[in-house]
Amino acid sequence: MTRDAHSPGPDQGQLMKKKRRCGARTRAGGWCYRPASPDSHRCRQHGGKAGRLPGTPEHPNSRVARLEGRRRWVERMRAAKAAGLIERFRNGRRAKGLPPRSRDRIIARGQRLIEQRL
Ligand SMILES: [Zn+2]
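Taken in order, the sequence shown gives residues 1142 to 1259; the numbers are from this note's numbering.
Structure (structure tokens):
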């Protein structure tokens, strides 16, 4: 079979302007299918602005801002610790020698309660 030049091929021209569509599931069981936000597989309603696609490099300016903010926070916390205002960093890493947290939410919560008593 040869292709007739006059017949419109399937998806010709449509392939180029094919937009990424939201892949969220609807309650009816189908796909959301609204146009996805830039740099995302989701539309605005489904969190399209909430992050980068996996593998997308972080913008250099964002990276610098993030690291600088962290640096200032650590500086502040060190000063507060030195001044005796805090005993330890909030949300810091776990103390050495403790067993790893369970992946089960309920067990992890129990571990947390026990560790607070230690
Ligand atoms: Zn959506």
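Where is the CB? At the ideal position from N, CA and C, for every residue including glycine.
CA-CA distance, Val1205 to Ala1169, rounds to 43 angstroms. The closest CA to that of His1200, considering only Asp1180, Val1215, Gln1186, is found on Asp1180.
Here Phe1230 has Met1218 as same chain residues with Cβ atoms under 6 angstroms from its own Cβ, once five neighbours each way along the sequence are excluded. Cβ neighbours of Lys1190 within its own chain (closer than 8 angstroms, five residues either side excluded): Ser1178, Ser1181. Separation of the CB atoms of Pro1176 and Cys1184 is rounded to 6 angstroms, and the pair is thereby assigned contact status at 8 angstroms.
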